[in-house]
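I have placed the structure first, in the form of structure tokens, so that the comments after it can refer back to it.
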Amino acid sequence: MDRIRLYAGTLRYLKLSQIVYFVRRRLCPSSIPKCREVLPPVRGKILIQSSPTGAQKSSAEHTLCFLNRKKTFSHDAVDWSSGEMPKLWRYNLHYFDYLNDPARSTPDKAQLVADWVLHVPAGMEDAWEPYTASLRIVNWIKFFNGDQVAVPPEWNKSLYHQALWLERNIEYHILANHYLKNGVALFFAGMYFQGDDADRWIETGLKILREELEEQFLSDGGHYERSPMYHCICVMDYLDVLNVMGSSVGKRFREFDHFRTRMNRSLDFLHDICLPDGMIPLFNDSAIGIAPAPDEIFRYAAQIIGYKRPQSNLARVAIEKPQSGYFALRNRNDMMVIDCGDIGPTYQPGHAHCDTLSYELAIDGRRVIVDSGIYDYQPSPQRRYARSTRAHNTVEIDGQEQSEMWGVFRVAQRARALHAYARIESDNRLIFEGSHNGYRRISGGLVHTRSIEYDGHSCWQVRDRIEGTGKHIARNYIHLHPDLHACLDGSSVSVRDRSGRAVVIIEACDQSEIALAEGDYYPEFGREMKNASIICTRAADAPMMLGYRITKIDSIQTIQ
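Numbering (numbering that gives the first Met the number 0), first residue to last: 0 to 559.
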């Protein structure tokens with residue numbers, strides 16, 4: 000019965016078109032198209048600049064590393080099924096992102112493509128899925144576009160065949176970033192080849208790109224999945240498309256100027272939410288090393304569209320991105336980034352976490368309080384933990400979740416942000432306030448409101464108000480970076496780095512009891528680190544208050 004309720008709570012948010020296409024794919028899967036024996040010619044070079052890629056873990060010959068798991072293949076036999084590896088690892092094997100790794104030799108890259116063409120049959124599981132094929136098509140074209148290797152006819156034939164198949168298998172049932180990737184791949188394939196099929200791929204790809212620019216990028220510049228990592232990935236998709244558009248000979252795309260304008264706004268968004276270390280906060284299925292680092296994206300954008308980063312004054316700024324639900328309180332290298340947005344999009348919330356009113360805090364340029372990140376996309380304990388309320392720096396009530404996360408990517412009942420703002424007061428204090436209704440389904444109809452007051456120098460006061468009725472147990476979680484150690488002293492916790500230097504003191508307020516626990520931190524896929532967690536607990540009748548104070552310690556002070 001509970002399973003039925005979860006399905007019903009999930010399906011009610013889907014678009015009718017998603018359900019129709021899902022049923023159609025199950026009942027009438029598309030056949031593998033036949034590929035013509037004589038291919039139309041290719042257009043030639045279609046890129047102006049080489050594009051950056053995510054961190055490459057291994058460039059040794061015949062060795063591949065994804066999700067922090069390495070595998071070495073024999074010289075003449077790549078195991079393209081690799082059944083002992085997680086599904087996401089196998090997907091990465093077939094993405095061919097490693098073709099963009101400058102440290103990997105050209106002969107090794109060519110051998111991998113040749114082996115795939117020879118040994119991976121059409122329709123093979125993992126390899127022939129639309130998202131996987133979309134990434135592979137783009138990566139092959141980028142590789143073929145260079146001057147490094149002569150492209151044999153059988154490689155182009157395989158590429159053409161994949162594009163024909165992708166055209167029949169566009170992910171209308173999933174939408175979101177998958178659908179966008181399909182459009183990018185078809186546009187690339189259409190620009191690489193000539194002929195009627197290629198012209199049709201260009202039009203289909205551009206139609207998707209036009210539609211999804213308006214659908215997926217919000218007016219504040221953020222991506223609608225509210226994941227900084229996927230924001231970077233989707234911005235890179237449009238920059239790659241603009242790269243190809245800018246290189247086209249004798250063809251002017253009317254979309255170029257509009258795409259460029261919107262990407263400038265999305266790049267500004269990325270600039271504003273990055274922490275002082277230059278990297279993204281780890282909200283909502285974000286991990287380091289998948290998308291290119293923000294600095295690399297900014298450099299690429301400067302080459303492609305002449306992007307210039309905002310020359311903003313970082314002293315005492317309150318940042319609001321209300322459509323995306325991101326807010327920040329910053330004074331130079333001290334910065335708190337706060338998540339108070341709706342789970343989105345409603346019809347595809349697969350990357351959402353229970354992180355409403357959670358935050359990350361950097362002090363003196365280094366991360367002190369962190370989001371727990373993401374470990375995998377498997378039905379694992381790590382996946383369940385990473386999406387849970389207790390994995391985030393927010394309040395859990397009566398052991399319940401803000402939103403009903405289930406499966407690997409599904410969400411049933413979900414928290415909704417009721418209001419949020421960030422501002423500078425006349426006395427230069429920086430203020431954030433926001434609320435959500437995720438606990439209304441609990442007896443007492445609870446609403447959680449969080450206010451954060453930053454004096455702009457050394458103190459963050461976090462106050463949580465639980466409105467409603469009845470007696471409840473509220474737990475406030477605070478997760479420290481693994482480089483930091485915590486020491487409990489009465490109603491406060493001293494936090495120091497590995498050298499013994501004091502960083503902050505965290506004090507419980509409003510009669511909350513404070514305790515330490517061990518947590519898990521996943522900064523990258525497949526990388527698990529232990530960290531210290533602080534839990535402030537209060538049992539009381541609603542309405543009730545709980546909270547804590549974070550005080551920055553002078554960097555020269557050392558805890559004895």
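We put the beta carbon where it would ideally sit given N, CA and C, even for glycine.
Check: Does DSSP put C233 in a helix, in a strand, or in coil?
Finding: Note: C233 maps to helix in three-state DSSP.
Notebook entry, point to check: From which residue to which residue does the beta strand (DSSP E) around V336 run?
Noted result: From DSSP, the beta strand (DSSP E) with V336 extends over D333 to D338.
Margin query: Here's a check: name, in chain order, each residue in its chain whose Cβ is nearer than 6 Å to the Cβ of T557, leaving out the five neighbours to either side.
Written below: Residue placement at T557 is poorly supported in this model, since its pLDDT is 41, which falls under 50; the coordinates still yield a value, given next. Within the same chain, T557 has close Cβ partners G499 and R500.
Check: From which residue to which residue does the beta strand (DSSP E) around T355 run?
Finding: T355 -> no beta strand (DSSP E), and no H or E assigned at all.
Next item on the list: Have a look at the DSSP bridge pairing and note the partners of V461.
Entry: Residue pairing by DSSP puts V461 in a beta bridge opposite I451 and Y547.
Check: Secondary structure at R298, three-state DSSP: helix, strand or coil?
Finding: Reduced to three states, the DSSP call for R298 is helix.
Next item on the list: Compute the Euclidean distance between the alpha carbons of P348 and A149, then round it to the nearest angstrom.
Entry: C-alpha separation (whole angstroms): 43 Å.
Notebook entry, point to check: Whole beta strand (DSSP E) runs in the stretch 244-318 with 3 or more residues, listed along the chain?
Noted result: Entirely contained in the stretch 244-318, not one beta strand (DSSP E) run reaches 3 residues.
Item checked: Cβ-based burial, M235 [other Cβ within 10 Å; buried from 16] -> M235 should be labelled buried.
Next item on the list: Going by CA-CA distance only, name the one from I296, E512, P152 and Y229 that's closest to H350.
Entry: Checked all of I296, E512, P152 and Y229; the closest Cα to H350 is Y229.
Margin query: Give me, in chain order, the residues of the same chain whose beta-carbon lies closer than 6 Å to that of D463; leave out the 5 immediate sequence neighbours on both sides.
Written below: If the five residues before and after D463 are omitted, its C-beta is found closer than 6 Å to the C-beta atoms of V394, R449, L545 and G546, all from its own chain and listed in chain order.
Check: DSSP on M585, reduced to helix/strand/coil?
Finding: Nothing can be reported for residue 585, as the shown portion of the chain is limited to 0 through 559.
Note to self: Taking the beta carbon of V240 as the centre, do at least 16 other beta carbons fall within 10 Å, making it buried, or is it exposed?
What the structure shows: By the 16-neighbour rule on beta-carbons within 10 angstroms, V240 is buried.
Check: Just how far apart, CA to CA, sit Q412 and I441?
Finding: Distance between the alpha carbons of Q412 and I441 is about 12 Å.
Note to self: Tell me the DSSP secondary structure of P106 in three-state form.
What the structure shows: It is helical.
Notebook entry, point to check: Which residue spans inside the stretch 354-426 form an unbroken alpha helix (DSSP H) run of at least 4?
Noted result: Complete alpha helix (DSSP H) runs here, min 4: 380-386.
Next item on the list: On the DSSP bridge assignment, give the partners of N330 in chain order.
Entry: Per DSSP, D333.
Notebook entry, point to check: In three-state DSSP terms, what is I515?
Noted result: Correcting the residue identity first, residue 515 is Leu in this sequence and not Ile. In this structure, L515 counts as strand in the three-state DSSP scheme.
Note to self: Measuring straight from C-alpha to C-alpha, what distance separates I296 and N392?
What the structure shows: Answer to the nearest angstrom: the Cα atoms are 28 Å apart.
Next item on the list: Have a look at the DSSP bridge pairing and note the partners of I505.
Entry: Answer by DSSP bridge pairing, in chain order: V492 and I549.
Item checked: Alpha-carbon to alpha-carbon, G433 and G122 -> Straight-line spacing of the CA atoms in G122 and G433 works out to 48 Å.
Notebook entry, point to check: What distance in whole Å lies between the Cβ atoms of M335 and I451, which are believed to be in contact at a cut-off of 8 Å?
Noted result: Taking a contact as a CB-CB distance under 8 Å, the pair I451 and M335 counts as one, their CB atoms being some 7 Å apart.
Next item on the list: Name the two residues that bound the continuous beta strand (DSSP E) containing F524.
Entry: Segment: none, F524 is in no beta strand (DSSP E) and carries neither H nor E.
Notebook entry, point to check: Does DSSP put F21 in a helix, a strand or coil?
Noted result: In the three-state scheme derived from DSSP, where H, G and I count as helix and E and B as strand, F21 is classed as helix.
Next item on the list: Give the DSSP-derived three-state secondary structure of I569 in the structure shown.
Entry: Outside the shown range of the chain (0 to 559) lies residue 569, about which nothing can therefore be said.
Check: With respect to the alpha helix (DSSP H) encompassing L185, which residues constitute its N-terminal and C-terminal limits?
Finding: Segment A175 to Y191, the alpha helix (DSSP H) holding L185.
Note to self: Rounded to the nearest angstrom, what separates Q161 and D100 at their Cα positions?
What the structure shows: Approximately 23 Å between the Cα atoms of the pair.
Notebook entry, point to check: Can you list, in chain order, the residues of its chain whose CB lies under 8 Å from that of M528, leaving out five sequence neighbours each side?
Noted result: The residues P481, D519, Y520, Y521 and P522, in chain order, have a CB closer than 8 Å to that of M528 in the same chain once the five nearest residues on each side in sequence are set aside.
Margin query: Going by the DSSP bridge assignment, what does A485 pair with across the sheet?
Written below: Answer is V494, bridged to A485.
Margin query: Using the three-state DSSP reduction, which class does Y6 fall into: helix, strand or coil?
Written below: If DSSP states are grouped into helix, strand and coil, Y6 belongs with the helices.
Notebook entry, point to check: With DSSP run on the structure shown, which of helix, strand or coil describes A155?
Noted result: The sequence given here places Asn at residue 155; Ala does not occur at that position. Three-state result, N155: helix.
Notebook entry, point to check: Any heavy atom of the ligand FAD within a distance shorter than 6 Å of the CB on D463?
Noted result: Here there are no bound small molecules, and the ligand FAD is not part of this structure.
Item checked: Proximal residues to N332 (C-beta, below 6 Å), its chain only, five neighbours per side dropped -> The answer, listed in chain order, is P275, D363 and G364.
Notebook entry, point to check: Are the stretch 219-227 and the stretch 314-324 touching, with three or more C-beta to C-beta distances below 8 Å?
Noted result: The stretch 219-227 makes contact with the stretch 314-324: 3 or more CB pairs, one atom from each, lie closer than 8 Å.
Next item on the list: Could you please give me the residues that DSSP links to L429 through a beta bridge?
Entry: Bridge partners of L429: I423 and Y453.
Next item on the list: Give the DSSP bridge partners of D219, in chain order.
Entry: DSSP lists no partner for D219.
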